[in-house]
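J.:
In the working numbering, the protein residues as written are 23 to 103.
See below:
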């Protein structure tokens with residue numbers, strides 16, 4: 023059950039980040055990948071900064087979305103450069 027929740031949060035985080043950065047999503051698989059990689063980036067980023075957004079599903083979603091936004095921003099910089 024935790025794995026399904028992890029996938030759902032990843033897909034939702036990728037979709038939200040896609041809407042905020044690009045104005046659209048990346049499809050189910052693309053949203054899932056962006057959200058999962060974003061969760062890893064967000065977790066490491068917050069860990070390095072000593073921050074904690076919160077516990078539970080909402081905290082995980084916020085961390086994943088912020089990490090996905092950072093990922094999409096960096097990918098956008100690499101595409102332009």
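C-beta atoms are modelled at their ideal positions from N, C-alpha and C, and glycine is treated no differently.
On a predicted model such as this, the values are computed, not experimentally measured, just so you know.
(1) Identify, in the order they occur along the chain, each residue of the same chain with its Cβ nearer than 6 Å to the Cβ of residue 94, setting aside the five sequence neighbours on each side.
(2) Taking only three categories from DSSP, how would you classify residue 35?
(3) Using a Cβ-Cβ cut-off of 7 Å (strictly less than) and excluding sequence neighbours within five positions of residue 35, which residues of its own chain qualify?
(4) Can you tell me where the alpha helix (DSSP H) with residue 50 in it begins and where it stops?
(5) Looking at the structure shown, is residue 76 part of a helix, part of a strand, or coil, going by DSSP?
T.: On the basis of the supplied data:
(1) Excluding positions up to five away in sequence, the list reads 39 and 43.
(2) Looking at residue 35 - three-state DSSP - the assignment turns out to be helix.
(3) If we look at residue 35 and ignore the five residues flanking it on each side, its Cβ neighbours are 57, 60, 61, 83, 86, 87 and 90.
(4) 49-71 is the span of the alpha helix (DSSP H), which, as asked, contains residue 50.
(5) Coil.
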